[in-house]
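> So that we are looking at the same thing, I have put the structure below in structure tokens.
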């Protein structure tokens, strides 16, 4: 059960920074507060490994062919870097969307793995984006972390202790199965993570499935199967999503032509780039660029 006091405190924090609809920083570097008094259009985004605790309202994310909905009291765990489309689907001025998000520290999580003991496997299977009702212990720890973040002296001394507790609880959570698998040496999740890192570093290069399978240390058929299980997409679809997200960022930052952006993110044909960009974002690259000059 999420306390009404916490909802009010997080909302006030975002309001004071006039950061509605944005990831609002706190006194703990890896912790962010979010609030939105209205529903939003679906936006393409790149999820880093993160945990999001929804305090009020409802949000929805589309990951490949999967649709994940999470509302008040739910927490989302994202174990791998994932391109997705998400939006707030339930919010109003009277009952705004409110959440806390924590960027995961994989080094810290790995240091705790041997201490977590036996855990209950996630009912939804092993997926890189998992949702479940948040247990009281995790809600309490996130509440303490947010309140600690409001005091610089407490944040400096106590935040590392609470962060360690939160990572411990996430590893033991029912929907932390993929996170646990990721930390196992040479597990399918860990091997796929290596290929994802390769795609991210060389997203604008021509990479074959054979090369990615070799990076993961798997046969092509086995790699393709595990990659689809983890990401809900194929390796080439994943690469295309990264290219288009980077293209959107470049177009919004101004200064470069559409053709320059197309070539920079790895497209050989500006025409194909424009077609795929419009299919994903609903506007052409030219329209995207023009909208930034208005």
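Numbering (this note's numbering), first residue to last: 24 to 317.
We put the CB at the ideal spot given by N, CA and C, even for glycine.
None of the values given here were measured: they were computed from a predicted structure.
To the nearest angstrom, report how far apart residue 43 and residue 177 are at their CA atoms.
Taking the straight line joining both Cα atoms gives about 26 Å.
> Please determine if the stretch 191 to 201 and the stretch 224 to 242 are in contact, where contact requires at least 3 C-beta pairs separated by less than 8 Å.
In short, these stretches do not touch, since the Cβ pair count stays below three.
> DSSP on residue 43, reduced to helix/strand/coil?
The answer is coil: DSSP assigns residue 43 none of H, G, I, E or B.
> By a C-beta neighbour count over all protein chains shown, 10 Å radius and 16 as the cutoff for buried, is residue 1 buried or exposed?
Absent from the model: residue 1. The displayed extent of the chain is 24 to 317, so no value can be given.
> Around the Cβ of residue 92, are there at least 16 other Cβ atoms within 10 angstroms (buried) or fewer (exposed)?
Residue 92 should be labelled exposed.
> Below 8 Å between beta carbons: does that hold for residue 109 and residue 84?
Yes, these two residues count as a Cβ contact at 8 Å.
> Based on DSSP bridge pairs, tell me the residues matched to residue 153.
Residue 153 is bridged to 100.
> Drop a sphere of 10 angstroms on the beta-carbon of residue 208, count the other beta-carbons inside from all chains shown, and report buried for 16 or more, exposed for fewer.
It counts as exposed.
> Can you give the Cα-Cα distance for residue 170 and residue 139, rounded to whole angstroms?
Roughly 26 Å between the two C-alpha positions.
> Okay, do the stretch 54 to 62 and the stretch 115 to 125 touch, 3+ Cβ pairs below 8 Å being the bar?
Touching, yes, given that three or more Cβ pairs across the two stretches are closer than 8 Å.
> In chain order, what residues of the same chain have a beta carbon less than 6 Å from the beta carbon of residue 189, not counting five sequence neighbours either side?
So the list reads 164, once near-sequence residues are dropped.
> For residue 52, is the classification buried or exposed, using 16 other Cβ atoms within 10 angstroms of its Cβ as the cut-off for buried?
Counting Cβ neighbours within 10 Å, residue 52 comes out exposed, since fewer than 16 surround it.
> Where does the unbroken alpha helix (DSSP H) through residue 185 begin, and where does it stop?
Residues 175 to 195.
> Select from 302, 249, 46 the residue whose C-alpha is nearest the C-alpha of residue 271.
Among 302, 249, 46, the Cα nearest to that of residue 271 is on 302.
> So if DSSP puts residue 82 in a beta bridge, which residue, or which two residues, is it bridged to?
93, 111.
> Out of curiosity, what's the CA-to-CA distance linking residue 29 and residue 241?
So the alpha carbons of these two residues sit roughly 46 Å apart.
> Below 7 Å CB to CB, which residues in the same chain sit around residue 40 once its five sequence neighbours on both sides are set aside?
Cβ neighbours of residue 40 beyond the five flanking positions: 47.
> Please name the residue, chosen from 281, 168, 98, 206, that lies closest to residue 158 on a Cα-to-Cα basis.
Per the Cα distances, 98.
> Ordered along the chain, which non-local residues of its own chain (more than five positions away) have a Cβ less than 7 Å from that of residue 156?
Answer for residue 156: 96, 97, listed in chain order.
> When the Cα atoms are used, what is the spatial distance from residue 291 to residue 239?
If you take the alpha carbons of residue 291 and residue 239, they lie about 27 Å apart.
> For residue 121, does the three-state DSSP call read helix, strand or coil?
Of the three classes helix, strand and coil, the one that applies to residue 121 here is strand, per DSSP.
> Quick check on DSSP: helix, strand or coil for residue 299?
Reduced to three states, the DSSP call for residue 299 is helix.
> Please name the residue, chosen from 288, 254, 32, 65, that lies closest to residue 305 on a Cα-to-Cα basis.
Comparing Cα-Cα distances from residue 305 to each of 288, 254, 32, 65, the minimum goes to 65.
> Starting from the C-beta of residue 198, find all residues in its chain whose C-beta is less than 6 Å away, skip the five residues before and the five after it, and write them out in chain order.
Once the five neighbours on either side are set aside, the close Cβ partners of residue 198 are 100, 145, 153, 155.
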